[in-house]
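Colleague: Would you mind keeping the following structure in view while I ask a few things?
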Amino acid sequence: MSGDRPSPLVIERILRDREGIWQQIVAERDLNGLTGRMLTSSAIALACYGAVLGFFHSPLMALTSALKLPLLFLVTLAICLPTLYLFNLVFGARLSVRQSLALVMVAITVTSMLAVAFAPISLFFLITANDYGFFKLLNVAILTLSALVGLRFLTGGMQVLNDHGLLAPEAPTAKAADQVTVPAAAQAVPAAVPAGATPVGTPSAGQSAAPVAVSAGAPVGESTSNGAVTTAPAPAQVPAQPAGASFPPGYPPQRPWDSAPIRRGEPTQRPASMTLLYIWILLFGFVGTQLAWTLRPFFGDPGQDFAFFRSIDGNFYAEILRTIANL
């Protein structure tokens with residue numbers, strides 16, 4: 001599927017044509033439209049999944065969870081995106097804000113679409129196993145798995161940008177010693193002619209000088225003392241090398257028609273931006289879980305009355321461990 005071909009669902013294009021998505025982000029082509037479609041798709045998918053979570057308590061809780069779950073992801077993105085962008089700037093990456101936003105939105109879109117794909121399974125257990133602790137752990141596991149897959153897309157996209165040199169500082173202009181250019185019009189070295197031989201194409205008395213082409217391996221005429229002419233194979237033509245130029249070890253001489261510069265290769269290293277990406281992913285996860293604890297309830301404990309927010313006490317991880325212990 002071409003990167004410019006429209007798709008009815010942005011998630012379908014991300015999954016089927018991810019290389020086209022990465023190339024579009026690299027070229028910064030129509031990133032506003034792409035980001036807008038991903039934002040809309042993610043909000044709708046997360047709202048649908050949030051409604052399933054809230055139905056465990058009541059229809060009113062389903063409505064509030066449908067509003068709060070997209071808000072959770074978008075606020076987490078707004079908090080953490082400046083850190084990702086500044087990390088890249090500090091270490092010399094050349095990513096723009098739009099490119100950084102588009103990359104993270106790809107991860108959020110994959111996460112939200114995968115979560116809503118699990119919604120029928122969550123709804124099934126809501127109907128058949130009406131246990132609050134089990135339902136909470138099941139959906140936390142679903143969201144965690146979906147987030148891991150989405151972040152895997154983020155690292156893959158950053159790796160593509162790294163391959164295009166957008167995560168490394170701009171390289172200085174190559175010195176003349178590190179670059180050798182072979183002219184396209186390089187001439188062939190003339191074939192060696194033994195002493196006393198008459199070179200092919202040498203005009204005799206009364207003849208005009210006209211060049212005669214000698215191909216590789218063609219016989220060259222040679223006169224002997226008795227007037228006989230013998231033939232010997234001419235050496236193969238080789239491209240001429242510019243005066244004073246030397247090819248790096250392991251590089252064969254270029255063909256005469258090949259005028260692209262030859263550069264000495266350098267060992268590739270993972271830039272600091274890729275290392276910091278994994279640190280940023282951990283930061284994104286911590287911010288997201290703490291914000292989810294602040295915005296709770298999403299499920300709604302059936303033993304408590306409806307509330308748009310709960311008091312902030314404890315933390316997300318302690319609650320998960322407490323729920324596992326009570327199963």
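Quick note: the sequence shown uses the numbering used here, first residue 1, plus one each step. In this text, a Cβ means the ideal position worked out from N, Cα and C, and glycines have one as well.
Phe298 lies in the alpha helix (DSSP H); which residues open and close that run?
Modeller: Numbered from its first residue, the sequence shown carries residue 298 at position 298. Neither: Phe298 is in no alpha helix (DSSP H) and is coded neither H nor E.
Colleague: With distances taken Cα to Cα, identify the nearest neighbour of Pro70 among Thr83, Pro82, Ile44.
Modeller: Residue 70 sits at position 70 when you count from the first residue of the sequence shown. Nearest C-alpha to Pro70 among Thr83, Pro82, Ile44: Ile44.
Colleague: List the endpoints of the continuous alpha helix (DSSP H) containing Phe153.
Modeller: As a working mapping, residue 153 is identified with position 153 in the sequence shown. Start and end: 132-163.
Colleague: Report the three-state DSSP secondary structure of Ala129 (helix, strand or coil).
Modeller: In the sequence shown, the residue the question calls residue 129 occupies position 129. In this structure, Ala129 counts as coil in the three-state DSSP scheme.
Colleague: Tell me which residue opens and which closes the alpha helix (DSSP H) that Ile320 is part of.
Modeller: Start at 1 with the first residue of the sequence shown, and residue 320 comes out as number 320. 316-326 is the span of the alpha helix (DSSP H), which, as asked, contains Ile320.
Colleague: Within 10 Å of its beta-carbon, does Gly265 have 16 or more other beta-carbons around it, so buried, or fewer, so exposed?
Modeller: In the sequence shown, counting from the first residue as 1, residue 265 sits at position 265. Since pLDDT at Gly265 reaches only 39, below the 50 mark, its modelled position is unreliable, and the value read off the structure follows with that caveat. Label assigned to Gly265: exposed.
Colleague: Assign Ser311 to one of three DSSP states: helix, strand, or coil.
Modeller: As a position in the sequence shown, residue 311 is number 311, starting the count at 1. Ser311: coil per DSSP, three-state reduction.
Colleague: Roughly how many angstroms lie between the CA atoms of Ile25 and Leu77, to the nearest whole one?
Modeller: Against the sequence shown, residue 25 aligns to sequence position 25. Against the sequence shown, residue 77 aligns to sequence position 77. Approximately 18 Å between the Cα atoms of the pair.
Colleague: Evaluate the contact criterion for the segment 298-318 versus the segment 79-88: three or more CB pairs, one atom per stretch, below 8 Å.
Modeller: Judged by pairs of C-beta atoms under 8 Å, the segment 298-318 does not touch the segment 79-88, as fewer than three such pairs exist.
Colleague: Count the other C-beta atoms from every protein chain shown that fall within 10 angstroms of the C-beta of Ile108, then say buried if there are 16 or more, exposed otherwise.
Modeller: Against the sequence shown, residue 108 aligns to sequence position 108. Classification of Ile108: buried, given that the 10 Å Cβ count is 16 or more.
Colleague: Looking at the unbroken alpha helix (DSSP H) that takes in Gly303, where does it start and where does it end?
Modeller: Counting from one through the sequence shown, the residue named residue 303 turns up at place 303. Unbroken run through Gly303: none, as it is neither H nor E.
Colleague: Which of the three DSSP states is assigned to Arg29 in this structure?
Modeller: Residue 29 sits at position 29 when you count from the first residue of the sequence shown. Looking at Arg29 - three-state DSSP - the assignment turns out to be coil, as it is neither helix nor strand.
Colleague: The alpha helix (DSSP H) with Phe87 in it runs from where to where?
Modeller: Reading the sequence shown from its first residue, position 87 is the one you call residue 87. Note, Phe87: alpha helix (DSSP H), 59-90.
Colleague: In the structure shown, what three-state DSSP assignment does Phe118 receive?
Modeller: Counting from one through the sequence shown, the residue named residue 118 turns up at place 118. DSSP places Phe118 in coil when its eight states are reduced to three.
Colleague: Whole angstroms is fine: what's the gap from Glu12's alpha carbon to Leu151's?
Modeller: Sequence index remark: in the sequence shown, residue 12 carries index 12 (1-based). Sequence index remark: in the sequence shown, residue 151 carries index 151 (1-based). If I take the Cα positions, the gap works out to 17 Å.
Colleague: Helix, strand or coil for Ser96? Go by DSSP, reduced to three states.
Modeller: Mapped onto the sequence shown, residue 96 falls at position 96. Coil, per DSSP.
Colleague: Note down, in chain order, each residue of its chain lying with its Cβ closer than 8 Å to the Cβ of Lys68, except the 5 sequence neighbours on either side.
Modeller: Position 68 of the sequence shown, counted from the start, is the residue given in the question as residue 68. Gly50, Leu295, Phe298.
Colleague: State buried or exposed for Phe134, treating a residue as buried only when at least 16 other CB atoms are found within 10 Å of its CB.
Modeller: As a working note, residue 134 is residue 134 in the sequence shown. Phe134 comes out exposed.
Colleague: Using the Cα positions of Ile320 and Ala27, report the straight-line distance between them to the nearest angstrom.
Modeller: Here residue 320 refers to the residue found at position 320 when the sequence shown is read from its first residue. Here residue 27 refers to the residue found at position 27 when the sequence shown is read from its first residue. Rounded to whole angstroms, Ile320 to Ala27 spans 43 Å at the Cα level.
Colleague: In or out: Thr181 buried (at least 16 other Cβ within 10 Å) or exposed?
Modeller: One-based indexing of the sequence shown puts residue 181 at position 181. A caution first: Thr181 carries a pLDDT of 48, below 50, which makes its placement in the model too unreliable to give a value.
Colleague: Just to confirm before moving on: does the CB-CB distance between Phe91 and Ser42 stay below 8 Å?
Modeller: Taking the first residue of the sequence shown as position 1, residue 91 is located at position 91. Taking the first residue of the sequence shown as position 1, residue 42 is located at position 42. In terms of Cβ geometry, Phe91 and Ser42 do not form a close pair [threshold 8 Å].
Colleague: What's the C-alpha gap between Ala147 and Ala115?
Modeller: Here residue 147 is taken as the residue at index 147 of the sequence shown, counted from 1. Here residue 115 is taken as the residue at index 115 of the sequence shown, counted from 1. In a straight line, the C-alpha of Ala147 is about 9 Å away from that of Ala115.
Colleague: Within the same chain, show all residues whose beta-carbon is closer than 8 Å to that of Asn326, passing over the 5 residues directly before and after it, in chain order.
Modeller: Looking up residue 326 in the sequence shown gives position 326. So the list reads Gly133, once near-sequence residues are dropped.
Colleague: Would you call Val10 buried or exposed, if buried means 16 or more other Cβ atoms sit within 10 Å of its Cβ?
Modeller: As a working note, residue 10 is residue 10 in the sequence shown. Classification for Val10: buried.
Colleague: Can you grab the Cα-Cα spacing for the pair Gly54 / Met274, in whole Å?
Modeller: Taking the sequence shown and counting its residues from 1, one reaches residue 54 at position 54. Taking the sequence shown and counting its residues from 1, one reaches residue 274 at position 274. Rounded to the nearest angstrom, the two C-alpha atoms are 38 Å apart.
Colleague: Under the rule that 16 or more other beta-carbon atoms within 10 Å means buried, what is Gly36, buried or exposed?
Modeller: Along the sequence shown, one-based indexing puts residue 36 at 36. That one is exposed.
Colleague: If we ignore side chains and look at the alpha-carbon of each, how far apart do Leu335 and Phe56 end up?
Modeller: Within the shown structure, residues of the chain are numbered from 1 to 327, placing residue 335 beyond reach of any answer.
Colleague: For Thr289 and Phe306, what's the separation of their Cα atoms in angstroms?
Modeller: Counting from one through the sequence shown, the residue named residue 289 turns up at place 289. Counting from one through the sequence shown, the residue named residue 306 turns up at place 306. Each residue's Cα considered, the two are about 22 Å apart.
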